[in-house]
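With the sequence shown counted from 1, adding 338 to any position gets you my numbering. All C-beta atoms, glycine included, are put in the ideal place defined by N, C-alpha and C.
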Amino acid sequence: MVASRHLGSSSSRKILLDNGLGLTPPMGWNSWNHFHCQINEKIVKETADALVSTGLAQLGYVYVNIDDCWGESKRDQQGNLVANKTTFPSGIKALADYVHSKGLKLGIYADAGLKTCTGKVAGSLGREEQDAKTFASWGVDYLKYDNCYNNDEKPTTRYKAMSVALKKTGRPIFFSMCEWGDMRPALWGADVGNSWRTTDDISDSWESMLKVADVNEMYADYAKPGVGMAPLLLGCDVRSLSNETMQIISNEEVIAINQDSLGAQARKVRMEGQRDIWAGPLSGDRVVLLFVNRKPWKSSMTAHWDDIGIEPTNRAVEARDVWERRTLSEPFQDKLTADVDPHACKLYVLTSIP
339 MVASRHLGSS SSRKILLDNG LGLTPPMGWN SWNHFHCQIN EKIVKETADA LVSTGLAQLG
399 YVYVNIDDCW GESKRDQQGN LVANKTTFPS GIKALADYVH SKGLKLGIYA DAGLKTCTGK
459 VAGSLGREEQ DAKTFASWGV DYLKYDNCYN NDEKPTTRYK AMSVALKKTG RPIFFSMCEW
519 GDMRPALWGA DVGNSWRTTD DISDSWESML KVADVNEMYA DYAKPGVGMA PLLLGCDVRS
579 LSNETMQIIS NEEVIAINQD SLGAQARKVR MEGQRDIWAG PLSGDRVVLL FVNRKPWKSS
639 MTAHWDDIGI EPTNRAVEAR DVWERRTLSE PFQDKLTADV DPHACKLYVL TSIP
């Protein structure tokens, strides 16, 4: 089975920043969506504990990322960033040591401007080398770098400065560029960061998720997190996961798609009204297929082999329903049809039958 030209291939995959990181998308947790500025070292430690106790860490969720509001608005006498004395009294290095003791990695947040987006923490613009050294000395493993209060300086310059500074520290630090997509970082970010944000914030709603996916489609490189090879960063309170949430985020087959060694992102290959079909190549000469039904009612959807890149088009394939974790009983030839519930999706891995 061959995934044809319009799905891309390993040869068309972008090469990321050469720091040994980001060969597959990072997995873990970020504090912002749930906690915003109500974050402290106790929550971070308990989150690290929960990632381990729930088994999520073993599945690959290893980054524990602190977002905005962790630090003071003013630097110390040496000009160094300092942790908030009330919410992080032990300091970031002690917190990193704790997270590392659990077999996890610590991430932190900074801004390529004069201050962070909330205005609560000093920014890193013009202080890139000093702050990169600070992060490395603390044992930071991941940096989310935001875009507020930037003096209208070009992001290509500001993000490059931090990228160079991080590399000079000698410590491998995953560099997540939170540039919002203003200057199309998908076109220049590969040499600068390990990942780059391409849209505004995503919120906890169906409409927000679809809007982000549509904007990303402009570059034909980004899609839903699993098939789109996007970072899998949980934004919930990991200490109190519902059974339903746990079932979704611990699906090893979805994770395997996201972490596939080929690293080729799925693309939208057909759109019919409010029904989308995404497909992309996987390692082992397989194809991932995603049906997305935006409609408020159930809809029948069909993917034809010539749409999703399977050659020859009369090839018989086996279909694995990833969400239901079962292989469909009959082989499929030429096409696959499924009924998709309203505001829902169907996800398959297709494998050639010899």
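Simplified DSSP state of residue i, which is helix, strand or coil
i      : result
ILE648 : strand
TRP775 : Residue 775 lies beyond the range of the chain shown here (339 to 692); nothing can be said about it.
LYS498 : helix
GLY527 : helix
THR675 : strand
PRO619 : strand
HIS642 : strand
GLU379 : helix
TRP370 : helix
TYR399 : coil
LEU355 : coil
THR456 : coil
LEU572 : strand
ILE511 : coil
ARG653 : coil
ASP659 : strand
GLU610 : strand
TYR487 : coil
SER690 : strand
LYS684 : strand
LEU627 : strand
MET365 : strand
ARG577 : helix
ASP449 : strand
ALA421 : strand
Environment of residue i [buried if 16+ CB atoms lie within 10 Å]
i      : result
ASP484 : buried
PRO634 : exposed
ALA386 : buried
ASP614 : buried
SER369 : buried
LEU361 : exposed
GLU319 : Look at the range of the chain in this structure, 339 to 692, and you will see that residue 319 is not part of it.
PRO619 : buried
LYS506 : exposed
GLY393 : exposed
SER514 : buried
ASP356 : exposed
ILE511 : buried
Short Cβ contact (8 Å threshold) for residue i with residue j
i      : j      : result
ALA470 : ALA503 : yes
CYS516 : LYS482 : yes
LEU397 : SER588 : yes
ALA568 : PRO363 : yes
ASN532 : THR472 : no
ASN422 : GLY451 : no
PRO666 : LEU627 : Looking at the sequence itself, residue 666 is Leu, so the reference to Pro does not match. The answer is no: Cβ separation not under 8 Å.
ILE646 : VAL630 : no
ALA388 : GLY441 : no
Cβ-based neighbour list, residue i, same chain, cut-off 7 Å, excluding 5 preceding and 5 following
i      : result
ASP559 : Below a pLDDT of 50, predicted positions are generally treated as unreliable, and ASP559, at 30, falls in that range; the measurement from the model is reported next regardless. So the qualifying residues of the chain are ALA524, GLN603.
ARG663 : GLU591
TRP526 : THR494
Same chain only: Cβ atoms within 6 Å of residue i, ignoring 5 sequence neighbours per side
i      : result
LYS498 : VAL530
PRO692 : none
ASN371 : GLY573
TYR401 : PRO364, GLY366, LYS443, GLY445, TYR480
GLN612 : ARG632, LYS633
Cutoff 8 Å; reference residue i; Cβ partners in own chain excluding five residues on either side
i      : result
ASN403 : GLY366, TRP367, ASN368, SER369, LEU444, GLY445, ILE446, TYR447, TYR480, LYS482, LEU571
ILE377 : SER369, ILE404, ASP405, CYS407, TRP408, THR425
GLU467 : ALA503, LYS506
VAL660 : ASN589, GLU591, VAL592, ILE595, LEU685, TYR686, VAL687
LYS431 : SER475, TRP476, GLY477
GLU491 : LEU463
MET521 : LYS492, PRO493, THR494
Neighbour flag for residue i against chain B, beta carbons, 8 Å
i      : result
GLY647 : Within the model displayed, chain B is absent; a lone protein chain is all it includes.
Distance cut-off 7 Å: residue i Cβ against heavy atoms of the ligand GTP
i      : result
ASN418 : Looking for the ligand GTP in the displayed structure turns up nothing, as the structure carries no ligands at all.
### Query
Counting pairs of Cβ atoms below 8 Å between the region 638 to 652 and the region 673 to 685, do you hit three or more?
yes
### Query
Within the chosen definition, does the region 406 to 413 reach the region 457 to 466 through at least 3 CB pairs nearer than 8 Å?
yes
### Query
Looking at C-beta atoms only, is the number of pairs between the region 649 to 669 and the region 569 to 582 that lie closer than 8 Å three or more?
no
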